[in-house]
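The block underneath contains the structure these notes are about, expressed in structure tokens.
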Amino acid sequence: MAVTPEIAPVERPVWRPWALMTRHKSIAAGSAIVLLVVLMALLAPVLSPYDPNEVHPLDRLKPIGSPGYLLGADQQGRDMLTRLMWGARSSLAIAVLPLSISAIIGLALGAIAGYLGRLSETLIMRGMDVVFGLPPILLAIAVSATLGPGLVNLMLSLTIVLIPPMTRVTYQVVVGLKEQAFVEAARAAGASSFQIIFSQILPNSLAPTIAYAASLAGAMVVFGAGISFIGLGIQPPDPDWGRMINDGREVLDLKPHVSTLPGLAIFVLAAGFNFLGDGVRDLLDPRMRQ
Amino acid sequence: MLQVENLTKHYPARGRGLFTRDPRRVRAVDGVSFEVKAGEVVAVVGESGCGKSTLGRLAIRLLEPTSGSIRLGGTDITSLKGEALREIRLTAQIVFQDPFGSLNPRMTVGASIAYPLRVNRLFGRADGAAIARRVDELLERVGLNAAHARRLPHELSGGQRQRVGIARAIAVNPKLLVLDEPVAALDLSAQARVLNLFKELQREMGMAYLFITHDLSVAEYMADRILVMYAGKLVETGGRLALFQAPRHPYTQALFSAAMLRSGRASEETILEGDPPSPIDPLPGCRFNTRCPHAGEVCRAAEPAMSALDDGHGAACHLLTGKLRRSG
Chain A
1 MAVTPEIAPV
11 ERPVWRPWAL
21 MTRHKSIAAG
31 SAIVLLVVLM
41 ALLAPVLSPY
51 DPNEVHPLDR
61 LKPIGSPGYL
71 LGADQQGRDM
81 LTRLMWGARS
91 SLAIAVLPLS
101 ISAIIGLALG
111 AIAGYLGRLS
121 ETLIMRGMDV
131 VFGLPPILLA
141 IAVSATLGPG
151 LVNLMLSLTI
161 VLIPPMTRVT
171 YQVVVGLKEQ
181 AFVEAARAAG
191 ASSFQIIFSQ
201 ILPNSLAPTI
211 AYAASLAGAM
221 VVFGAGISFI
231 GLGIQPPDPD
241 WGRMINDGRE
251 VLDLKPHVST
261 LPGLAIFVLA
271 AGFNFLGDGV
281 RDLLDPRMRQ
Chain B
291 MLQVENLTKH
301 YPARGRGLFT
311 RDPRRVRAVD
321 GVSFEVKAGE
331 VVAVVGESGC
341 GKSTLGRLAI
351 RLLEPTSGSI
361 RLGGTDITSL
371 KGEALREIRL
381 TAQIVFQDPF
391 GSLNPRMTVG
401 ASIAYPLRVN
411 RLFGRADGAA
421 IARRVDELLE
431 RVGLNAAHAR
441 RLPHELSGGQ
451 RQRVGIARAI
461 AVNPKLLVLD
471 EPVAALDLSA
481 QARVLNLFKE
491 LQREMGMAYL
501 FITHDLSVAE
511 YMADRILVMY
521 AGKLVETGGR
531 LALFQAPRHP
541 YTQALFSAAM
551 LRSGRASEET
561 ILEGDPPSPI
571 DPLPGCRFNT
581 RCPHAGEVCR
591 AAEPAMSALD
601 DGHGAACHLL
611 TGKLRRSG
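So the sequences go chain by chain: A and B.
Note that the first sequence covers residues 1 to 290 in this note's numbering.
Note that the second sequence covers residues 291 to 618 in this note's numbering.
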């Protein structure tokens, strides 16, 4: 018989970023904001009018719009615009690096616990439960306080806070995948557990984990700023948005711009990441596809 | 080819918890023995939940048996592990029921078919061209064509996907194929075409099939011999003709009466009352005694052994051992 069924022409998905943007408005809005902040951070050495730590004692607390100080100056007469541009660097690093590193670790641990089960599952998942039991803020504060302040240690503590949720999300996806017939089919084909994790499990659990990580980026901006605000993150005089809010605390009622501007910057970047994260989630979730 | 002795698979009745120990067991497959000869098509029939799919997976060690022994091509494979267990995949393969779930949605059809060739390193380390040629050949063998290799599963119809599953299973040239309800998810016309493909492949490659189905007309079309399962036990085995013309076990008689009525080989259909017994710690005696029209005292007390009838035909019923007289 050897019937050859006709092959219907199928439209293949083509990578067209522009169509993607117009169809998913939240991706467009989110990437515009994030791109702007990234450019600001990268071009800070070129664009910023001053050195971020350059003090001008005579220009202390200049208001927004003063000549030479487009967005005013803080108590030490440092230019706000300059410090906001430089401060974007740590905010971006805090939003992106701990998430990426914890996502990689979470994928590995979740895939091992979910697919191999048994002892690895008990050890990994119960271990994660212990870390999960601690409030994340408290854990981040404890780790930062133990390791000492600084950008690297702040990112390390955020990574530790993020590993349990990343592992759990991956684990749940993997436990569902393990029951799928195509995983049994791979076993029937003669693949080892290691081969199955790499060829069947990970490619199919990547999208949900990335979507989850993307949805957390906005929260991480706020979270990291909070740690710096209480003095456990970026140390003075280096510019950081959370740190800057703290600097303006004492003059909040008289000169609100010193705290409000970095607060606004945090808000805008967090909103940008949230738009982007929502868009990425919708895009990666097969149920949302038309 | 395949010899199965007294094969048993018990599951804990409930998931094992940290503080709970439930000693009860679900007896999915309970003391089943049979043989599949080289090149033979053996159908396993029975209601859903009778353990036939479990039996198929046990036979090629996709599941761990609780007890019993399995010999494949003369080797005892009952307790193989790791590398040695993976080697039997070159001899025995399986086609799954669900053509949607059994293909990785992110792998192209070609990659799915090449997968068993790659993991078993059948073509040198990086001989992509040889693998691609073999994939094209397999696609054409199952009635698709080389262009399908670049497609993703969701671009294909159910029948086409099942053909991909078949190509993947025969890629390593196995001697035995377990077919787990391979046409149950397909529409009737696709069913007929896929069944014919199975017949062709079997003729050309001389494979033996363990064909699991709930559809008696499929079993009648495909099988040389038939095994009838009920509640985890084998109740009757025999050649296709013997079973369809003279079924001896009351369960087989009832099961086949519908099919035989349709083809005019029986005058009335036996309708079974009730449901199969719970597979959790079943009562003593014959599993079928709760629904059997002939059941007597002995059926509730003792489990009937398989009695040999003529020519490889056998049934497990007290009517055949003389311990029970037919009523009515």
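Note that CB positions come from ideal geometry on N, CA and C, so glycine has one too.
Pick from the options that is closest to residue i, judged by C-alpha positions
i	options	result
arginine 615 of chain B	B:Pro594, B:Ala606, B:Ala598 and B:His584	B:His584
glutamine 293 of chain B	B:Arg441, B:Gly400 and B:Glu330	B:Glu330
phenylalanine 386 of chain B	A:Ala219, A:Val251, A:Pro203 and A:Gln180	A:Gln180
proline 208 of chain A	A:Ile64, A:Phe267, A:Ala103 and A:Ile124	A:Ala103
serine 171 of chain A	A:Gly190, A:Ala140, A:Tyr212 and A:Phe229	A quick correction: the sequence has tyrosine, not serine, at residue 171 of chain A. Ranking the options by Cα distance to tyrosine 171 of chain A, first place goes to A:Tyr212.
aspartate 74 of chain A	A:Val55, A:Ser144 and A:Ala29	A:Val55
serine 369 of chain B	B:Glu587, B:Gly363, B:Glu354 and B:Thr611	B:Glu354
glutamate 337 of chain B	B:Ala420, B:Pro594, B:Gly529 and B:His504	B:His504
proline 389 of chain B	A:Glu184, A:Leu254 and A:Arg243	A:Glu184
alanine 271 of chain A	A:Leu36, A:Met125 and A:Phe194	A:Leu36
valine 326 of chain B	B:Ile403, B:Ala513 and B:Ala474	B:Ala513
valine 484 of chain B	B:Ala318, B:His444, B:Leu407 and B:Leu434	B:Leu434
proline 566 of chain B	B:Ala318, B:Leu348 and B:His300	B:Ala318
leucine 362 of chain B	B:Ser447, B:Asp320, B:Glu295 and B:Val409	B:Glu295
proline 472 of chain B	B:Glu490, B:Asn463, B:Arg453 and B:Lys465	B:Arg453
lysine 178 of chain A	A:Leu264, A:Asn204 and A:Ser157	A:Asn204
glycine 224 of chain A	A:Gly87, A:Ile64 and A:Ala108	A:Gly87
serine 568 of chain B	B:Pro464, B:Gly522 and B:Glu558	B:Gly522
leucine 533 of chain B	B:Asp600, B:Arg376, B:Val462 and B:His444	B:Asp600
glycine 72 of chain A	A:Leu269, A:Pro256, A:Asn274 and A:Ile266	A:Pro256
glycine 277 of chain A	A:Ser215, A:Arg249 and A:Leu264	A:Ser215
Delimiting residues of the beta strand (DSSP E) encompassing residue i
i	result
serine 447 of chain B	Careful: serine 447 of chain B lies outside any beta strand (DSSP E) and carries neither H nor E.
glutamate 526 of chain B	523 to 529
valine 131 of chain A	Here valine 131 of chain A belongs to no beta strand (DSSP E); instead the alpha helix (DSSP H) covers 118 to 132.
Own chain partners of residue i with C-beta closer than 8 Å, once the 5 adjacent residues on each side are dropped
i	result
leucine 467 of chain B	Ala382, Gln383, Ile384, Val385, Ala459, Ile460, Met497, Ala498, Tyr499 and Leu500
serine 120 of chain A	Ile112 and Ala113
glycine 150 of chain A	Gly233, Ile234 and Gln235
proline 57 of chain A	Gln76 and Gly77
glycine 586 of chain B	His608, Leu614, Arg615 and Ser617
leucine 139 of chain A	Val131, Ser157, Ile160 and Val161
Proximal residues to residue i (C-beta, below 6 Å), its chain only, five neighbours per side dropped
i	result
alanine 605 of chain B	Glu526, Arg538 and His539
aspartate 426 of chain B	Ala436
methionine 166 of chain A	Ser102, Ala103 and Gly106
proline 136 of chain A	Val161
tyrosine 50 of chain A	Asp79 and Thr82
threonine 356 of chain B	Thr298, Lys299 and His300
isoleucine 7 of chain A	With a pLDDT of 47 at isoleucine 7 of chain A, under the threshold of 50, the modelled position of that residue is not reliable, and the figure given next carries that caveat. So no residue of the chain qualifies.
valine 399 of chain B	His438, Ala439, Arg441 and Val454
glycine 321 of chain B	Asn296 and Thr298
Residue span of the alpha helix (DSSP H) that contains residue i, given as start and end
i	result
glutamate 373 of chain B	372 to 377
alanine 231 of chain A	The sequence shown places glycine at residue 231 of chain A, not alanine. Per DSSP, glycine 231 of chain A belongs to no alpha helix (DSSP H) and is neither H nor E.
valine 508 of chain B	506 to 512
arginine 281 of chain A	257 to 284
leucine 551 of chain B	540 to 552
proline 406 of chain B	399 to 409
histidine 608 of chain B	608 to 611
glutamate 427 of chain B	418 to 431
glycine 30 of chain A	25 to 42
arginine 347 of chain B	342 to 349
Sheet register partners of residue i (DSSP bridge)
i	result
tyrosine 69 of chain A	A:Ser66
proline 302 of chain B	B:Arg315
glutamine 383 of chain B	B:Leu467
valine 334 of chain B	B:Ile502 and B:Leu517
threonine 365 of chain B	B:Leu362
isoleucine 570 of chain B	B:Val316
valine 322 of chain B	B:Leu297
aspartate 240 of chain A	According to DSSP, which records beta bridges pairwise, aspartate 240 of chain A is partnered with nothing at all.
leucine 292 of chain B	B:Val326 and B:Leu362
alanine 598 of chain B	B:Gly604
Cutoff 7 Å; reference residue i; Cβ partners in own chain excluding five residues on either side
i	result
alanine 303 of chain B	Asp312, Arg314, Arg315, Val316 and Ile570
glycine 279 of chain A	His24, Ser26, Ile27 and Gly30
cysteine 589 of chain B	Gly575, Cys576, Asn579, Cys582, His608 and Leu614
leucine 116 of chain A	Ser193
phenylalanine 182 of chain A	Gln200
methionine 244 of chain A	Arg83, Gly87 and Pro262
alanine 2 of chain A	Low per-residue confidence applies at alanine 2 of chain A: pLDDT is 46, beneath 50, and the placement is therefore not dependable, though the value from the model is reported in the following sentence. Result list for alanine 2 of chain A: empty, nothing under 7 Å.
methionine 155 of chain A	Ala93, Ile94, Leu97 and Pro98
Near the ligand MG: residue i beta-carbon under 7 Å from a heavy atom
i	result
valine 251 of chain A	Among the components modelled here there is no ligand, and therefore nothing to report on the ligand MG.
Q: Return the chain-ordered ranges of every beta strand (DSSP E) run that is complete within the region 173 to 199 of chain A and spans a minimum of 3 residues.
A: Look at the region 173 to 199 of chain A and you find no whole run of beta strand (DSSP E) that is 3 residues long or longer.
Q. Could you give the uninterrupted runs of the alpha helix (DSSP H) lying entirely in the region 452 to 501 of chain B, keeping only those of 4 residues or more?
A. DSSP assignment within the region 452 to 501 of chain B yields the following whole alpha helix (DSSP H) runs of 4 residues or more, N-terminal first: 478 to 495.
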